[in-house]
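Undergrad: Under my numbering, the first residue of the sequence shown carries the number 191, and numbering increases by one thereafter.
Think of the CB as a built atom: it goes at the ideal place given N, C-alpha and C, for glycine as much as any other residue.
Quantities reported herein were computed from a predicted structural model and do not represent experimental measurements.
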Amino acid sequence: MKKILIFFLLMSCSRFVKMTDETFYEEIETNNSKTIHLVFSHNINGETHPCGCRQFPLGGFEQAYGHIMSLKKVAPLIYVDTGDTFFETTKIPNFILKSSRYKAKKIAEALDMLDLKLMTPGDQDFALGESFLKEIAQKHDFKFLITNASKKLQLPHQKFFHLKVGKKNFFFLGVLRPDLLNHELRSLFVSPKTALKKQLESLKNKYGHLKNKSFILLSHSGLDYDKNLAKLFPTFDWIIGSHSQSFMRFSYDVGQTKLVQVLSRNHYLGEINLLSKKEDAYHLVEMRDEVKNKIQPNPMTPWLQNYKKEYDKINLAQQATDMAMTNEAKTIPTYISCSDCHDKQVEFWQSTAHSLALSTLLNANEMNNPQCIKCHSVGFRKEGGFAATQKFFKSENDFDTQKYLKEFKKAVKINHPVRKLSSSQRTQMAKDWLKFDKDHGITANYGNVQCLNCHNQTADHPFEIQPESKDQFKNKCLNCHTADQSPKWYDKDSNGLATSLNEKYFAKKLKEVSCPKIE
191 MKKILIFFLL
201 MSCSRFVKMT
211 DETFYEEIET
221 NNSKTIHLVF
231 SHNINGETHP
241 CGCRQFPLGG
251 FEQAYGHIMS
261 LKKVAPLIYV
271 DTGDTFFETT
281 KIPNFILKSS
291 RYKAKKIAEA
301 LDMLDLKLMT
311 PGDQDFALGE
321 SFLKEIAQKH
331 DFKFLITNAS
341 KKLQLPHQKF
351 FHLKVGKKNF
361 FFLGVLRPDL
371 LNHELRSLFV
381 SPKTALKKQL
391 ESLKNKYGHL
401 KNKSFILLSH
411 SGLDYDKNLA
421 KLFPTFDWII
431 GSHSQSFMRF
441 SYDVGQTKLV
451 QVLSRNHYLG
461 EINLLSKKED
471 AYHLVEMRDE
481 VKNKIQPNPM
491 TPWLQNYKKE
501 YDKINLAQQA
511 TDMAMTNEAK
521 TIPTYISCSD
531 CHDKQVEFWQ
541 STAHSLALST
551 LLNANEMNNP
561 QCIKCHSVGF
571 RKEGGFAATQ
581 KFFKSENDFD
591 TQKYLKEFKK
601 AVKINHPVRK
611 LSSSQRTQMA
621 KDWLKFDKDH
631 GITANYGNVQ
641 CLNCHNQTAD
651 HPFEIQPESK
661 DQFKNKCLNC
671 HTADQSPKWY
681 DKDSNGLATS
691 LNEKYFAKKL
701 KEVSCPKIE
């Protein structure tokens with residue numbers, strides 16, 4: 191008992207926390223360290239782990255845990271987030287409502303494991319309303335930092351956070367720009383400029399006697415708005431932004447105020463050394479896959495495995511109750527029927543990575559993820575297509591999906607990543623797949639990126655041939671080949687952030703997958 195008491199006394203000396211209605215205060219002893227890490231993230235957009243189809247996967251909570259916890263071993267650290275964290279959009283479609291809610295709750299759980307201290311929520315975080323965030327606030331350790339909350343906001347939050355590190359005092363404030371929100375939520379917030387002016391005056395009156403003060407703003411407002419805030423409030427040493435997802439390798443300075451942001455989905459974490467005045471006080475850290483191995487064992491690994499299993503179950507159950515989107519009596523043609531007439535075109539297609547796209551999801555255990563399947567198949571949630579991932583094929587004898595997948599894995603061996611295979615290797619694997627389907631009486635297989643992803647034809651197309659324009663092809667390609675998924679397709683600015691489509695590169699990629707003309 192005595193040892194336990196001594197342990198807690200030592201802990202209280204190194205990290206002391208006090209919270210009242212007016213003050214959220216923490217004191218950290220430096221132990222002569224010349225570094226205090228301020229790590230920040232934003233625009234995680236509901237992503238828990240790297241997408242299995244990216245050529246160079248980045249991000250993920252496993253990786254973030256490995257990096258953050260390895261830093262904490264050598265110096266004190268505080269982790270903050272500036273919003274658009276729990277959800278990918280401001281409106282959640284009904285067909286993914288349950289899985290999105292579950293995922294958001296698990297993300298909050300992961301943020302506790304990462305020892306998140308403060309979050310200024312973004313517009314996407316209100317996708318399920320204020321009540322959902324209230325539930326999160328009541329169950330988790332991190333605090334919502336919202337300086338510009340109106341009296342209508344019922345979400346538990348703090349107006350500011352006071353951090354004392356050695357002899358230095360850091361004051362954190364947080365704002366969310368109201369006009370970014372849906373109309374019904376805007377009254378929960380007041381003008382950031384009005385709120386900041388009032389709060390800074392209050393802090394000056396209360397803490398003006400303190401020396402060595404620094405002010406940090408967590409802002410979910412966009413870079414242009416942050417630039418204006420920096421001009422109006424030169425008191426701030428740092429403005430950690432979000433929403434605009436500006437990729438800033440170096441700070442953007444407005445007077446003495448440094449503005450910083452990182453790329454979305456935890457691909458990068460931002461780091462600031464709060465005790466440094468040097469130009470290199472801020473830098474980005476790339477969340478590569480191997481970063482997760484900095485801490486062994488990494489508790490995020492079993493957490494992620496359990497999360498994915500449960501998420502998969504929820505998606506399956508959700509899809510089973512949502513079959514109204516498709517008209518199964520009106521089946522769109524798939525590559526199986528196309529192969530009956532267009533052998534040259536299908537053989538060319540089989541040499542491309544598109545012909546094996548579904549296998550990437552099978553390999554990554556993401557087969558039932560609706561956010562993934564839509565870009566690795568044809569006709570998902572469309573008339574004549576399929577609404578549930580377990581219905582991605584049709585057969586003459588109602589072949590069971592689990593039996594199909596079990597026998598398929600034995601009969602067709604596909605190596606990954608498929609992009610790195612030679613065209614002849616891909617051709618053989620795709621031919622094996624087509625043979626497997628025909629041998630098992632499969633009449634339609636919606637899996638893989640195939641003919642109808644590009645072409646507009648129907649089952650009666652011999653009499654209704656309408657060639658697609660280049661713009662039509664482009665729009666279809668860019669639905670999935672976004673700047674996030676295919677960064678090489680886009681021009682980049684001076685900070686390395688993807689901007690507009692590289693038309694020359696797109697033309698090259700389109701030519702690589704364009705089938706031979708019909709003679």
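State the DSSP-derived secondary structure class of N505, mapped to helix, strand or coil.
TA: helix
Undergrad: Using 8 Å for Cβ pairs, my map puts E320 next to L393. What's the rounded Cβ distance?
TA: Contact flag wrong, Cβ pair sits at about 27 Å.
Undergrad: Which residue from E216, I286, L345 puts its Cα closest to that of C562?
TA: I286
Undergrad: Quick check on the DSSP output: the beta strand (DSSP E) that includes G319 runs from which residue to which?
TA: Neither: G319 is in no beta strand (DSSP E) and is coded neither H nor E.
Undergrad: With distances taken Cα to Cα, identify the nearest neighbour of K712 among K698, T491, G273.
TA: This structure cannot settle anything about residue 712, because the visible part of the chain is limited to 191 through 709.
Undergrad: What do you get for N372, buried or exposed, if any count of 16 or more other CB atoms within 10 angstroms of its CB means buried?
TA: exposed
Undergrad: Under a Cβ-count criterion, where at least 16 other Cβ atoms within 10 Å of its own Cβ denotes burial, should Q253 be classed as buried or exposed?
TA: buried
Undergrad: Do you know how far the Cα of L353 is from the Cα of S204?
TA: Low confidence applies here, because S204 scores a pLDDT of 48, under 50, leaving its location unreliable; read the following figure in that light. Spanning the two alpha carbons is a distance of roughly 13 Å.
Undergrad: What is the residue span of the alpha helix (DSSP H) that S290 lies within?
TA: 287-303
Undergrad: Would you mind working out which of D590, L595, N587, N558 sits nearest A577, comparing C-alpha positions?
TA: If we check each option's Cα against that of A577, N558 comes out closest.
Undergrad: Is it right to say S549 is buried, meaning 16 or more other beta carbons lie within 10 angstroms of its own, or is it exposed?
TA: buried
Undergrad: State the beta-bridge partners of S340 as determined by DSSP.
TA: Partner(s): none; S340 has no beta bridge.
Undergrad: For T275, which option in Y497, S432, W493 has the closest C-alpha, if you only look at C-alpha atoms?
TA: Of the listed residues, the one whose Cα sits closest to T275 is S432.
Undergrad: So, using beta-carbon positions, are T272 and T310 closer together than 8 Å?
TA: T310 is positioned such that its CB atom lies closer than 8 Å to that of T272.
Undergrad: Which residue from Y397, G412, W428 puts its Cα closest to that of F405?
TA: Closest by alpha carbon: W428.
Undergrad: Rank P283, L413, E461, F350 by C-alpha distance to the C-alpha of L267 and give the top, closest one.
TA: The shortest Cα separation from L267 among P283, L413, E461, F350 belongs to E461.
Undergrad: With C-beta atoms as the reference, is H566 less than 8 Å away from Q640?
TA: no
Undergrad: Mapping the DSSP letters down to three states, classify D661 as helix, strand or coil.
TA: helix
Undergrad: Tell me which residues share the same chain as F197 and place their Cβ nearer than 6 Å to its Cβ, disregarding the 5 neighbours each side in the sequence.
TA: Confidence at F197 is low in this model, with a pLDDT of 40, below 50, so the placement of that residue should be treated as unreliable; the coordinate-derived value is given next. Around F197: no qualifying Cβ.
Undergrad: In terms of alpha-carbon separation, which member of N284, Y292, M259, V264 lies closest to D305?
TA: M259
Undergrad: Looking only at its chain, what residues have a beta carbon closer than 6 Å to the beta carbon of N338, apart from the 5 residues adjacent to it on each side?
TA: V365, F379, V380, P382, A385
Undergrad: Measure from the alpha carbon of L323 to the alpha carbon of each residue in P247, K295, K342, then state which is nearest.
TA: K295
Undergrad: By Cβ distance, which residues of its chain are closer than 7 Å to F598, with the 5 residues on each side in sequence left out?
TA: F626
Undergrad: Looking only at C-alpha atoms, which of C667, N665, Y397, M477 sits nearest to S239?
TA: For the record, residue 239 in the displayed sequence is His; it is not Ser. Per the Cα distances, M477.
Undergrad: Work out the CA separation of F334 and L419 for me, nearest whole Å.
TA: 21 Å
Undergrad: Within 10 Å of its beta-carbon, does T414 have 16 or more other beta-carbons around it, so buried, or fewer, so exposed?
TA: Rather than Thr, the amino acid found at residue 414 in this sequence is Asp. Classification of D414: exposed, given that the 10 Å Cβ count is below 16.
Undergrad: Mapping DSSP to helix, strand and coil, what is Y636?
TA: Here Y636 sits in coil by DSSP.
Undergrad: Per DSSP, what are the beta-bridge partners of Q486 in this structure?
TA: In the DSSP output, where bridge partners are listed per residue, Q486 has none listed.
Undergrad: Hey, how far is the Cα of I708 from the Cα of K701?
TA: 16 Å
Undergrad: Can you find the residues in the same chain that come closer than 8 Å, C-beta to C-beta, to H347, ignoring five residues on each side of it along the sequence?
TA: Cβ contact annotation for H347 (same chain, cutoff 8 Å, sequence separation greater than five): A327, K333, F334, L335, I336, A339, in chain order.
Undergrad: Please check the pair L155 and F246, which I expect to be a contact at CB under 8 Å, by giving their CB distance rounded to whole angstroms.
TA: Limits of the chain in this structure are 191 at one end and 709 at the other, which puts residue 155 out of reach.
Undergrad: Could you check the C-alpha separation between G256 and D629 for me, to the nearest Å?
TA: 47 Å
Undergrad: If you reduce the DSSP assignment to three classes, tell me which class A510 lands in.
TA: helix
Undergrad: Grouping DSSP H, G and I as helix and E and B as strand, with all else coil, what is K682?
TA: In this structure, DSSP gives K682 an extended state, which the three-state scheme calls strand.
Undergrad: State the Cα-Cα distance for the pair D661 and K699, rounded to the nearest angstrom.
TA: 14 Å
Undergrad: Using the three-state DSSP reduction, which class does V452 fall into: helix, strand or coil?
TA: coil
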